[in-house]
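Chains A and B, in that order, are what the protein sequence lines are. Using this note's numbering, read the first sequence as starting at 1 and increasing by one per residue. Using this note's numbering, read the second sequence as starting at 1001 and increasing by one per residue. Here the structure comes first, spelled out in structure tokens, and everything after it is commentary.
Protein chains: 2
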Amino acid sequence: MSARDELLRKCLDYFLKHGVANLSLRPLAAAAGTSARMLIHHFGSKEGLIAAVMDQVRARLQSSFEPLITDASKRKPGEIMLGFWKVVTSRKYRPYLRLLFEVQILALQNPRRYQRYLIDTSATWLRLIRRALPRDKSNAVMATLCLAVVDGLTLEYLATGNLSRTSKAIDIFLTLLRKQK
Amino acid sequence: MSARDELLRKCLDYFLKHGVANLSLRPLAAAAGTSARMLIHHFGSKEGLIAAVMDQVRARLQSSFEPLITDASKRKPGEIMLGFWKVVTSRKYRPYLRLLFEVQILALQNPRRYQRYLIDTSATWLRLIRRALPRDKSNAVMATLCLAVVDGLTLEYLATGNLSRTSKAIDIFLTLLRKQK
DNA sequence: GCGGACATGTAACGACTGTTACATTCATTC
DNA sequence: GAATGAATGTAACAGTCGTTACATGTCCGC
């Protein structure tokens, strides 16, 4: 593993802990056991560093959702949504989701700087959900609703830490979906 | 209207445009036609300024949702949710919602600084929705779900600007709710 | 042993940060 | 009319920011 990769890993850890909104090179460098000088040297600029780290975030998340994607055709929609919810609320991925939401919100206020990190986020997830739903004319809208439910409940879970109530809400939603047919 | 109130109004406008994450006194002062010196003089500190502005945001939002709250008992749950959706997606309130989401996300990474601005946000809305739903044992969880739907769809709407698709998703959700009974 | 590319440390640059000291104006009150 | 206190302008403080110039070290191919 190259020195740059090692550094990238430590930077990712720091991002997951401290977010990206108020990121400052010197404290990050100190935590990673190096200097701001070296961060710029390896990543070109602060922008480049953020891009590299966020690419890493996206890669890790995508690999985590890969099983859900590949097995999508063999499962019921409800199972897939529950699978999503399990990953999204696991302690391991909590900081990742926090980071994703942070970038999404920052992009709302500062599109020029952050919007590029959103390219895949919403569209990819929407596409995935659409594949798991019946291919009728309401497919796109229904996928929008399912994504919104997971998003909204994830946000509520991150804010309050109340896993029980939010998980029950997912269950109710899946019940509504079943009764619909 | 006192000079402070006038200043506060201009600061609020600036917050709605530029957010709070990367707020800097000097550009804000320039936009408000004053100096950083005077901002500190009137509000004590940057912290005090943010608190004053966010209080203003909360007050304006609450007054906007007041009709929905007072008439809640006379309407069907679906109507109330649609009313919420109308307010939340109106051009006028778009920047307010952006700001609210921003503060919520910032609070996730920096609770000490921002959590106080969240005190009412989630709990108040949840309480309101609960009052509009049947008082059965699933009341709290159902309210959680409804709030998450509005939250998730609002976020999607803010990010993509696609009002048609997100509005249709709300409609589908309300249809699911009606079929449930 | 030598040269050359790369890694790294030190220190600094200029810009920007919130905040404050000092001076001045202005209106009001005794 | 003098005095007092608030409003405001100017300039600076000490600190942090991303970035860079310069020097030193370190390792590899020849």
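A virtual CB, placed ideally from N, CA and C, is assigned to each residue, including glycine. If you're wondering where the values come from, they're calculated on a predicted model, not measured in any experiment.
Excluding sequence positions up to five away, which residues of its chain have a Cβ less than 7 Å from the Cβ of residue i?
i: His1042 of chain B; result: Arg1004, Leu1007
i: Cys1011 of chain B; result: Leu1028, Ala1032, Leu1049, Val1053
Should residue i be listed as close to the ligand FMN, given that the test is whether its C-beta is under 8 Å from any heavy atom?
i: Ser1002 of chain B; result: The ligand FMN is not among the ligands present in this structure, which contains no ligands whatsoever.
Between which two residues does the alpha helix (DSSP H) containing residue i stretch?
i: Gly83 of chain A; result: 77–89
i: Pro27 of chain A; result: 25–31
i: Leu118 of chain A; result: Leu118 of chain A -> no alpha helix (DSSP H), and no H or E assigned at all.
i: Arg1135 of chain B; result: Here Arg1135 of chain B belongs to no alpha helix (DSSP H), and DSSP marks it neither H nor E.
i: Tyr1014 of chain B; result: 1003–1018
i: Gly1152 of chain B; result: 1139–1160
i: Tyr1114 of chain B; result: 1111–1114
i: Ser1064 of chain B; result: 1046–1070
i: Thr1175 of chain B; result: 1163–1180
i: Ala21 of chain A; result: Here Ala21 of chain A belongs to no alpha helix (DSSP H), and DSSP marks it neither H nor E.
Leaving out the 5 sequence neighbours to the left and right, which residues in its chain are closer than 6 Å to residue i when beta-carbon positions are compared?
i: Tyr117 of chain A; result: Met54, Val103
i: Trp85 of chain A; result: Ile170
Rounded to whole angstroms, what is the Cα-Cα separation between residue i and residue j?
i: Leu158 of chain A; j: Leu1108 of chain B; result: 7 Å
i: Thr160 of chain A; j: Met142 of chain A; result: 27 Å
i: Trp74 of chain A; j: Tyr93 of chain A; result: What sits at residue 74 of chain A in the sequence shown is Lys, not Trp. Their Cα atoms are separated by approximately 25 Å.
i: Met1081 of chain B; j: Ala36 of chain A; result: 50 Å
i: Thr154 of chain A; j: Cys1146 of chain B; result: 13 Å
i: Leu49 of chain A; j: Thr121 of chain A; result: 19 Å
i: Arg165 of chain A; j: Ala51 of chain A; result: 35 Å
i: Tyr1014 of chain B; j: Ala1032 of chain B; result: 8 Å
i: Arg26 of chain A; j: Met38 of chain A; result: 10 Å
i: Thr34 of chain A; j: Val20 of chain A; result: 19 Å
i: Ile1223 of chain B; j: Val1150 of chain B; result: Outside the shown range of chain B, which is 1001 to 1181, sits residue 1223 of chain B, and nothing can be said about it.
i: Ile1172 of chain B; j: Leu133 of chain A; result: 14 Å
i: Leu128 of chain A; j: Glu1156 of chain B; result: 16 Å
i: Gly1110 of chain B; j: Arg1058 of chain B; result: Rather than Gly, the amino acid found at residue 1110 of chain B in this sequence is Asn. Rounded to whole angstroms, Asn1110 of chain B to Arg1058 of chain B spans 20 Å at the Cα level.
i: Gly44 of chain A; j: Thr124 of chain A; result: 29 Å
i: Ala1030 of chain B; j: Arg1091 of chain B; result: 26 Å
i: Gly83 of chain A; j: Glu1079 of chain B; result: 32 Å
Note down, in chain order, every chain A residue with its Cβ under 7 Å from the Cβ of residue i.
i: Thr1124 of chain B; result: None at all; the shortest Cβ gap to chain A is about 13 Å.
i: Ala1169 of chain B; result: Val141, Thr144, Leu145, Ala148
For a contact meaning CB atoms closer than 9 Å, what does residue i contact in chain A?
i: Arg1165 of chain B; result: Ala140, Val141, Thr144
i: Gly1019 of chain B; result: Ile105, Leu106, Leu108, Gln109, Asn110
i: Lys1076 of chain B; result: The contacting residues do not exist; Lys1076 of chain B stays about 17 Å from chain A at best.
i: Arg1098 of chain B; result: Ile105, Leu108, Gln109
In chain B, which residues lie with their C-beta within 7 Å of the C-beta of residue i?
i: Gln104 of chain A; result: Ala1159
i: Ala43 of chain A; result: It is Phe, not Ala, that sits at residue 43 of chain A in the sequence shown. Simply none; closest approach about 21 Å.
For a contact defined as C-beta to C-beta under 9 Å, what are the partners of residue i on chain B?
i: Asp151 of chain A; result: Ala1148, Asp1151, Gly1152, Leu1153, Leu1155, Glu1156
i: Leu176 of chain A; result: Leu1145, Phe1173, Leu1176, Leu1177, Lys1179, Gln1180
i: Lys46 of chain A; result: In chain order: nothing, as chain B lies at least about 14 Å away.
Along chain B, which residues have their Cβ under 8 Å away from the Cβ of residue i?
i: Phe101 of chain A; result: Ile1105, Leu1108
Are the CB atoms of residue i and residue j nearer to each other than 9 Å?
i: Leu1106 of chain B; j: Tyr1114 of chain B; result: yes
i: Thr175 of chain A; j: Gln1180 of chain B; result: yes
i: Phe1065 of chain B; j: Val1087 of chain B; result: yes
i: Leu177 of chain A; j: Pro77 of chain A; result: yes
i: Gly1152 of chain B; j: Ala140 of chain A; result: no
i: Leu126 of chain A; j: Leu16 of chain A; result: no
i: Lys208 of chain A; j: Leu61 of chain A; result: Any answer about residue 208 of chain A is impossible in this case: the structure gives chain A only from 1 up to 181.
i: Gln56 of chain A; j: Arg9 of chain A; result: yes
i: Thr1144 of chain B; j: Lys137 of chain A; result: no
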